[in-house]
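In the UniProt record's numbering, the protein residues as written are 1 to 286.
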């Protein structure tokens, strides 16, 4: 199936599905990643495991509705709550529900990658989330200082060293470099696929660095209820060698969700290596 669109107010959300039957499963990415960063092969693996899969572009990314750039600011300023939000994390959670509504899904399992949005869905719309899997994530309800304490700042120094891109080729090279910095040291770096995804991402919508700022501002615009309010069966997955998040980020997240299972994979970074796909799929709550 090709690209389809769901509507949430004045926002159009691009999505595509894999499979035609099975347990509904919504794939949710965080910040400014487009849905193409969920590998097709992983989506097909989920179909084989009995899921009907949908992935989508968050607002402000990919083929979904984009917003104008703010006049000034930075991701750090947005994280500290110093940027006026153009929308909220509640709006972004509602975008995912609009996709579910378009497909006629009253509920779905939700798999979130680096995604506070998936946590917001489970907190604000508990009746719509049948099961929750959170990967590469920290608590969405954490305050500014706690959120900063989860980060490994060395990775951001590496990002700042990337050359300023002036051509599409350089933009794609930088996307590959960003993913290399975040990659799992215990698994082969899938350079061919990463370059294909980076090229497709750039072709669909060149990366706007200030999207990160707008998404972070959205996360600070609404105070979410405590994570103890999540009622969906939950699995939290972390990489023991994540270069962006300290190990306790995932542990703290799991500890705050009643009954959540926590799995930490050695050799895994801030990415999604194929070597753990089958094990994670087998552990996902159903």
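Using N, Cα and C, we set each Cβ at its ideal position, and we do this for glycine too. Predicted model only: the values in this text are computed from it and were never measured.
* Please state if the CB of residue 182 and the CB of residue 244 are separated by a distance shorter than 9 Å. => Position 244 of the chain shown, counting from 1, holds the residue named residue 244. Position 182 of the chain shown, counting from 1, holds the residue named residue 182. For residue 244 and residue 182, yes; Cβs fall inside 9 Å.
* **Proximity winner among 28, 236, 20, 25, relative to residue 134 (alpha-carbon distances)** => Taking the first residue of the chain shown as position 1, residue 134 is located at position 134. Among 28, 236, 20, 25, the Cα nearest to that of residue 134 belongs to 236.
* Asked: In the DSSP assignment, what residue or residues form a beta bridge with residue 111?
  -> Reading the chain shown from its first residue, position 111 is the one you call residue 111. The partner list for residue 111 (beta bridge, DSSP) reads 27, 133.
* In the structure shown, what three-state DSSP assignment does residue 268 receive? -> The residue labelled residue 268 in the question sits at position 268 within the chain shown. Coil, per DSSP.
* Between the C-alpha atoms of residue 271 and residue 119, what's the straight-line distance to the nearest angstrom? -> Along the chain shown, one-based indexing puts residue 271 at 271. Along the chain shown, one-based indexing puts residue 119 at 119. Cα to Cα, the separation comes out at about 19 Å.
* To do: Mind checking which residues open and close the alpha helix (DSSP H) that includes residue 8?
  => If you number the chain shown from 1, residue 8 lands on position 8. Residue 8 -> not in any alpha helix (DSSP H); beta strand (DSSP E) instead, spanning 4-8.
* Asked: Under a Cβ-count criterion, where at least 16 other Cβ atoms within 10 Å of its own Cβ denotes burial, should residue 20 be classed as buried or exposed?
  -> In the chain shown, counting from the first residue as 1, residue 20 sits at position 20. Its Cβ having fewer than 16 others within 10 Å, residue 20 is exposed.
* Asked: Taking all protein chains shown into account, do 16 or more other C-beta atoms lie within 10 angstroms of the C-beta of residue 278, making it buried, or fewer, making it exposed?
  -> Taking the chain shown and counting its residues from 1, the one referred to as residue 278 is at position 278. With fewer than 16 other Cβ atoms within 10 Å, it is exposed.
* Have a look at residue 251 and residue 284 and give me their C-alpha separation to the nearest angstrom. => Looking up residue 251 in the chain shown gives position 251. Looking up residue 284 in the chain shown gives position 284. Their Cα atoms are separated by approximately 17 Å.
* Hey, out of 220, 23, 68, whose CA is closest to residue 147's CA? -> If you number the chain shown from 1, residue 147 lands on position 147. Ranking the options by Cα distance to residue 147, first place goes to 220.
* Could you tell me whether the Cβ atoms of residue 240 and residue 247 are closer together than 9 Å? => The sequence position of residue 240 within the chain shown is 240, counting from 1. The sequence position of residue 247 within the chain shown is 247, counting from 1. Yes.
* Counting only the same chain and skipping the five closest in sequence on each side, list residues whose C-beta sits under 6 Å from that of residue 176. => One-based indexing of the chain shown puts residue 176 at position 176. Cβ neighbours of residue 176 beyond the five flanking positions: 194, 195, 198.
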